[in-house]
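When we follow the working numbering, the leftmost residue of the sequence shown carries the number 1, and every step to the right adds one.
Where a beta carbon is used, it is the ideal one built from N, C-alpha and C, also for glycine.
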Amino acid sequence: MRTVREAMTAGAITCEMDSSIQQAAKEMRDHKVGSLIACEHGHIRGIVTDRDIVTRAIADGASPMDAKVSDVCTSEVATIGPSESVEHALEIAHERHVRRLPVVEDGQPIGVLSLHDLAVAS
């Protein structure tokens with residue numbers, strides 16, 4: 001049985017909830033990722049994707065410099081530990097209808113497990 005640590009993309013990229021969506025988009029571009037873990041004072045508060053920025057802000061005419069990550073992120077974020085099984089992660093993703101699970105160890109994000117990672121691991 002494979003673990004989340006074996007399947008995840010290591011190196012979680014984070015942003016602050018009060019960051020502009022423009023700054024979040026730049027971070028995604030610079031790190032070549034489609035999502036960031038949104039934090040507030042070091043605690044995970046959500047996840048923001050490139051799709052969130054487009055559909056929840058830009059499409060409605062929001063200013064990329066004024067709209068905040070907190071305005072568009074998904075705040076009901078499910079997380080998983082690195083020692084959990086890939087099968088358990090798949091169950092969580094299915095139950096919560098999410099495509100990405102932040103991987104947390106000792107309260108800190110260490111990576112992201114995506115549906116793509118799960119498909120490759122299965």
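- In the DSSP annotation of this structure, the continuous segment of the alpha helix (DSSP H) that includes residue 70 starts and ends at 69-72.
- Proximity of the stretch 9-26 to the stretch 102-115 meets the contact definition, three or more beta-carbon pairs being nearer than 8 Å.
- Taking residue 18 as the centre and dropping the five residues before and after it, the same chain places the C-beta of 68 closer than 6 Å to its C-beta, in chain order.
- At a Cβ-Cβ threshold of 9 Å, residue 49 and residue 79 do not count as neighbours.
- Residue nearest to residue 53 within the set 64, 44, 45, 46 is 64 (criterion: CA-CA distance).
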